[in-house]
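Engineer:
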Amino acid sequence: TRRHCLSTVAQHHPHIQEVLLPKQAIEARVNELGRQIAADYADKRPVVIGTLKGAVVFMADLVRAMEPPPPGLELEFVRASSYGAATVSSGKVDLRMVGPTAIKGRHVLLVEDIVDSGCTAVALLEHFATAGAASVKLVSLLSKPERRTVTCEPHYLGFPVEDKFVVGYGLDYAEQYRSLPYIGVLKPECYA
Ligand code: 5GP
Ligand code: MG
Ligand code: MG
460 TRRHCLSTVA QHHPHIQEVL LPKQAIEARV NELGRQIAAD YADKRPVVIG
510 TLKGAVVFMA DLVRAMEPPP PGLELEFVRA SSYGAATVSS GKVDLRMVGP
560 TAIKGRHVLL VEDIVDSGCT AVALLEHFAT AGAASVKLVS LLSKPERRTV
610 TCEPHYLGFP VEDKFVVGYG LDYAEQYRSL PYIGVLKPEC YA
């Protein structure tokens with residue numbers, strides 16, 4: 460029936476102009492990354508460290524896609540905020556671990572939502588290396604290579620994206636849209 464047809468039309472949030480990465484595409488890629496990382500870390504007892512809050516949704520799916528589960532895997536979180544103007548990363552990054560984390564001698568896998576200028580990821584990777592990690596690698600769901608101001612190539616990457624501000628799957632605009640199960644671009648009128 461017509462009503463049935465209408466109910467099966469793909470619906471997304473009214474503020475979203477365009478879905479760049481649908482739920483199914485993210486799921487497929489996260490599952491691939493999970494299996495690859497599980498193989499690489501099978502004997503490393505990794506400490507998987509997610510950046511709050513943006514990487515939480517990706518991290519939750521990624522660690523459950525690690526098959527078989529790496530023995531000894533631990534989860535930790537770090538808060539990173541960059542100083543300076545909102546649109547231009549100053550390169551100064553303030554980082555706070557959530558709870559005490561022993562890094563020395565551990566294989567650290569940093570989980571990021573997106574690498575933009577690269578400043579945040581580089582600061583965190585340097586911090587863990589300085590803290591005596593046995594190895595430090597970066598997995599990021601998204602990367603905007605055109606936007607780099609510092610050299611930063613994720614060791615594992617979900618998707619490169621063009622230079623558009625994206626939300627969903629953990630990523631916010633003014634703390635909104637993190638729970639959307641896809642990555643999308645906001646309608647221009649939704650920016651304050
Ligand atoms: P970077 O230090 O690499 O310049 O910035 C990384 C951080 O900037 C990300 O973790 C994220 O919080 C924010 N960011 C960069 N690009 C985007 C984007 O397109 N959408 C959202 N929601 N946040 C972004
Ligand atoms: Mg982040
Ligand atoms: Mg944000």
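Numbering (the numbering used here), first residue to last: 460 to 651. Just so it is clear, CB atoms sit at the ideal spot from N, CA and C, and this is done for glycine as well. All figures in this text were calculated on a predicted structure; none of them were measured in a lab.
In chain order, what residues of the same chain have a beta carbon less than 6 Å from the beta carbon of residue 534, not counting five sequence neighbours either side?
Structural biologist: In the sequence shown, the residue the question calls residue 534 occupies position 75. Taken in chain order, the residues that qualify are 507.
Engineer: I'd like the ranges of any beta strand (DSSP E) spanning at least 3 consecutive residues and lying wholly in the stretch 540-625.
Structural biologist: If we require 3 residues or more, the beta strand (DSSP E) runs fully inside the stretch 540-625 come out as 552-557, 566-574, 594-602 and 615-619.
Engineer: Out of curiosity, what's the CA-to-CA distance linking residue 629 and residue 616?
Structural biologist: As a position in the sequence shown, residue 629 is number 170, starting the count at 1. As a position in the sequence shown, residue 616 is number 157, starting the count at 1. So the alpha carbons of these two residues sit roughly 16 Å apart.
Engineer: Pull every residue with its beta-carbon under 7 Å away from any heavy atom of ligand 2, and keep them in chain order.
Structural biologist: That gives 510, 513, 514, 539, 571, 572, 573 and 579.
Engineer: Let me check you understand the geometry: is the CB of residue 629 closer than 6 Å to at least one non-hydrogen atom of ligand 1?
Structural biologist: Here residue 629 is taken as the residue at index 170 of the sequence shown, counted from 1. Not so, every heavy atom of ligand 1 lies at least 6 Å from the Cβ.
Engineer: Looking at residue 505 and residue 568, is the spacing between their C-beta atoms short of 7 Å?
Structural biologist: The sequence position of residue 568 within the sequence shown is 109, counting from 1. The sequence position of residue 505 within the sequence shown is 46, counting from 1. In contact: residue 568 and residue 505 (Cβ atoms closer than 7 Å).
Engineer: Determine, for residue 523, whether the minimum Cβ-Cβ distance to residues of chain E falls below 7 Å.
Structural biologist: You won't find chain E in this structure, because it holds only one protein chain.
Engineer: Let me check you understand the geometry: is the CB of residue 624 closer than 6 Å to at least one non-hydrogen atom of ligand 1?
Structural biologist: Residue 624 sits at position 165 when you count from the first residue of the sequence shown. Flag set: Cβ of residue 624 near ligand 1.
Engineer: What separation, rounded to the nearest whole angstrom, lies between the Cα atoms of residue 585 and residue 635?
Structural biologist: The residue you call residue 585 lines up with position 126 of the sequence shown. The residue you call residue 635 lines up with position 176 of the sequence shown. Approximately 30 Å, taken between the alpha carbons.
Engineer: State the start and end residues of the unbroken alpha helix (DSSP H) segment that holds residue 495.
Structural biologist: Position 36 of the sequence shown, counting from 1, holds the residue named residue 495. Where residue 495 is concerned, the enclosing alpha helix (DSSP H) stretches over 482-499.
Engineer: Quick check on residue 477: buried or exposed, where buried means 16 or more other Cβ atoms within 10 Å of its Cβ?
Structural biologist: Residue mapping note: residue 477 aligns to position 18 of the sequence shown, counting from 1. With fewer than 16 other Cβ atoms within 10 Å, it is exposed.
Engineer: Can you tell me whether residue 477 is helix, strand or coil according to DSSP?
Structural biologist: Position 18 of the sequence shown, counted from the first residue, corresponds to residue 477. In the structure shown, residue 477 sits in a strand (DSSP, three-state: E or B).
Engineer: For residue 531, verify whether its CB is less than 6 Å away from any heavy atom of ligand 1.
Structural biologist: On the sequence shown, residue 531 is found 72 positions in, with the first residue counted as 1. Outside the cutoff, so no.
Engineer: Classify residue 637 as helix, strand or coil using the three-state DSSP reduction.
Structural biologist: Numbered from its first residue, the sequence shown carries residue 637 at position 178. Coil at residue 637, not helix or strand.
Engineer: Restricting to Cα atoms, I'd like to know which of 580, 646 and 502 is closest to residue 531.
Structural biologist: As a position in the sequence shown, residue 531 is number 72, starting the count at 1. Comparing Cα positions, the closest option is 502.
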